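K.L.:
Everything in the sequence shown is counted per this note's numbering, starting at 34 for the first residue and increasing by one.
Glycine included, C-beta positions come from ideal geometry on N, C-alpha and C.
On a predicted model such as this, the values are computed, not experimentally measured, just so you know.
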Amino acid sequence: MIRERAHAVLLNFEGYSPYEIARILFRDEKTVREWVKDFLRERIASLFPRYFDNENAAKLTRKQKKEIAKILSQPPSDYGLPKNFWEVKSLRTYIKAEFGVEYESDNSYRFIFKLHNFSFHLPAKFDVKRDNEEVERRITEIRRIIKPYLINPTWVVLAADESRLIWEAIIRRAWLPKGKKTILKVIRSRNYQNFFGCLNLKTGKPHLYEIPWQNQIEIIKVLKLLQLEYPNKHICLIWDNAAFHKGKRLRMELKNNLQAFYLLNLPPYAPDANPQEHIWKYAKDEISNRQCGNIKELANEFKTIVIGRNYSYQI
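1. Does DSSP put A276 in a helix, a strand or coil?
2. Return the bridge partner residues of P239 from the DSSP annotation.
3. Between the stretch 265 to 274 and the stretch 182 to 191, are three or more C-beta pairs nearer than 8 Å?
4. In this structure, does DSSP put W313 in helix, strand or coil?
5. When burial is assigned at 16 or more other CB atoms within 10 Å of the CB, is E166 buried or exposed?
6. Check whether the stretch 66 to 73 touches the stretch 39 to 48, taking contact to mean three or more Cβ pairs, one atom from each stretch, closer than 8 Å.
7. Can Y346 and I312 be called in contact, C-beta distance under 8 Å?
8. Does the contact criterion of 3 or more C-beta pairs under 8 Å hold for the stretch 281 to 291 versus the stretch 251 to 264?
9. Please identify the residue among K238, N327, D318, E195 whose C-alpha is closest to the C-alpha of R342.
10. Output needed for K129: all residues of its chain with C-beta closer than 8 Å, excluding positions within five of it in sequence on either side, in chain order.
11. Pick from E131, F132, S123: whose alpha carbon is nearest that of R143?
12. Which first and last residues belong to the beta strand (DSSP E) in which S196 is found?
13. Taking the continuous alpha helix (DSSP H) assigned at Y295, which residues delimit it?
14. Measure the C-alpha to C-alpha separation of N265 and L283 and round it to an integer number of angstroms.
15. Shorter than 8 Å from the beta carbon of A102 to some beta carbon of chain D?
16. Based on the DSSP secondary-structure assignment, which residues constitute the bridge partners of Q226?
17. Check whether the Cβ atoms of L331 and I175 sit closer than 8 Å, and answer yes or no.
18. In angstroms, rounded to a whole number, what distance separates the CA positions of D164 and I338?
19. For E169, count neighbouring C-beta atoms within 10 Å of its own C-beta (all shown protein chains included) and say buried if the count is 16 or more, exposed if not.
20. Go to L291, then tell me how far its alpha helix (DSSP H) extends in each direction, as first and last residue.
21. Is it buried or exposed, W246, if we count other Cβ atoms within 10 angstroms and call 16 or more buried?
22. Is L232 near Q107, with beta carbons less than 8 Å apart?
23. What number of angstroms, rounded off, separates the C-alpha of T126 from the C-alpha of L148?
24. Where DSSP assigns a beta bridge to C269, which residues make up the other side?
25. Tell me the rounded alpha-carbon separation between Y295 and K162.
Okay, structure coming up:
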């Protein structure tokens, strides 16, 4: 809201009419006129809503605020609320039930959280099945195993993983003749592309292969390509515990046609230990705000980003 008000004021001083500004910001013309009028009267103070960072202190007494500080130190479930963590909705419910007070703006409740040393952030990813001690033990063991391979010129050490890229395009804006409504088009066809990727832990070079499915047959094909990529080399491949990484067909191929490979499995429930996972995250973050017309375009963008640089990630 603040950014839109400021944008409207700047456009007004650039000579744009309220009608033109309203079209640019997708706002009602009357609203734009009120914003400009308020700015001319109140200057920069008009850009901020009246409730901005407003505690509405008069609604709660000092004693009640002390009580809230005590309450926020404990989970809401202790007070009959079906929640493990406090949020605006649960805090509103408690304050209204306990003190008969309700604020008009959510910012008031956020301000209460800030006053009591709360910060708003996403929880860390954690799997209840994860055994941190086992993860640390296994990673230490893998590091010990690959240490001589990293300095041996006859060995290649790769960290590998699969990923799926899903395309769901949303067209939000379009250039249209004035007077016509913008039509919102949402394409919900869940098209996707699977990838197999691996990182050379010696050189930092990434490898990326498109695969139609994540299964033994396709993984075997990719491993054969990797074997051609590194002829006359021993290949230590480190990956997770997916079922198709341990299948009977793959084990037979390792004995007969993929003898260059030595496989190591990462500890279960520890994707953060795999360097290739960090590459996936980097590439997906890079394409997160790009709009592509179809899955092929998106996949090409993704591939360009993944293989466009070397990486220093290590186990």
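P.N.:
By the coordinates alone:
1. As a first step, residue 276 is located in the sequence shown; it is residue number 243 there, counting from the start. Of the three classes helix, strand and coil, the one that applies to A276 here is helix, per DSSP.
2. Taking the sequence shown and counting its residues from 1, one reaches residue 239 at position 206. In DSSP, P239 forms a bridge with L232.
3. yes
4. Translated into the one-based positions of the sequence shown, residue 313 becomes position 280. In the structure shown, the three-state DSSP call for W313 is helix.
5. The residue you call residue 166 lines up with position 133 of the sequence shown. With fewer than 16 other Cβ atoms within 10 Å, it is exposed.
6. yes
7. Position 313 of the sequence shown, counting from 1, holds the residue named residue 346. Position 279 of the sequence shown, counting from 1, holds the residue named residue 312. Yes, these two residues count as a Cβ contact at 8 Å.
8. yes
9. Residue numbering aside, residue 342 sits at position 309 when the sequence shown is read from its first letter. Cα-wise, what sits closest to R342 is K238.
10. What you label residue 129 is simply residue 96 of the sequence shown in a count that begins at 1. Closer than 8 Å at the Cβ level, and outside the excluded window around K129, lie E135.
11. Mapped onto the sequence shown, residue 143 falls at position 110. When only C-alpha atoms are compared, the closest one is S123.
12. Against the sequence shown, residue 196 aligns to sequence position 163. In this chain, the beta strand (DSSP E) harbouring S196 covers 188 to 200.
13. Sequence index remark: in the sequence shown, residue 295 carries index 262 (1-based). First-last for Y295: 294 to 298, but that is the beta strand (DSSP E), not the alpha helix (DSSP H).
14. On the sequence shown, residue 265 is found 232 positions in, with the first residue counted as 1. On the sequence shown, residue 283 is found 250 positions in, with the first residue counted as 1. One C-alpha to the other measures close to 21 Å.
15. Structure shown: chain D not included; a single protein chain is present.
16. As a working mapping, residue 226 is identified with position 193 in the sequence shown. Per DSSP, L198.
17. Translated into positions along the sequence shown, residue 331 becomes position 298. Translated into positions along the sequence shown, residue 175 becomes position 142. Not a contact, by the Cβ cut-off of 8 Å.
18. To locate residue 164, count along the sequence shown from 1; it is residue 131. To locate residue 338, count along the sequence shown from 1; it is residue 305. If I take the Cα positions, the gap works out to 33 Å.
19. Within the sequence shown, numbered from 1, the residue matching residue 169 stands at position 136. E169 is exposed by the Cβ-count criterion.
20. Against the sequence shown, residue 291 aligns to sequence position 258. Boundaries cannot be given for L291, as no alpha helix (DSSP H) includes it and DSSP labels it neither H nor E.
21. The residue you call residue 246 lines up with position 213 of the sequence shown. Burial call: exposed.
22. For the purposes of this step, residue 232 is taken as residue 199 along the sequence shown, with counting starting at 1. For the purposes of this step, residue 107 is taken as residue 74 along the sequence shown, with counting starting at 1. Not in contact: L232 and Q107 (Cβ atoms no closer than 8 Å).
23. Residue mapping note: residue 126 aligns to position 93 of the sequence shown, counting from 1. Residue mapping note: residue 148 aligns to position 115 of the sequence shown, counting from 1. Whole-angstrom Cα-Cα distance: 19 Å.
24. Within the sequence shown, residue 269 is the residue found at index 236, counting from 1. Partner(s): V190, Y295.
25. Along the sequence shown, one-based indexing puts residue 295 at 262. Along the sequence shown, one-based indexing puts residue 162 at 129. For Y295 and K162, the distance between alpha carbons rounds to 27 Å.
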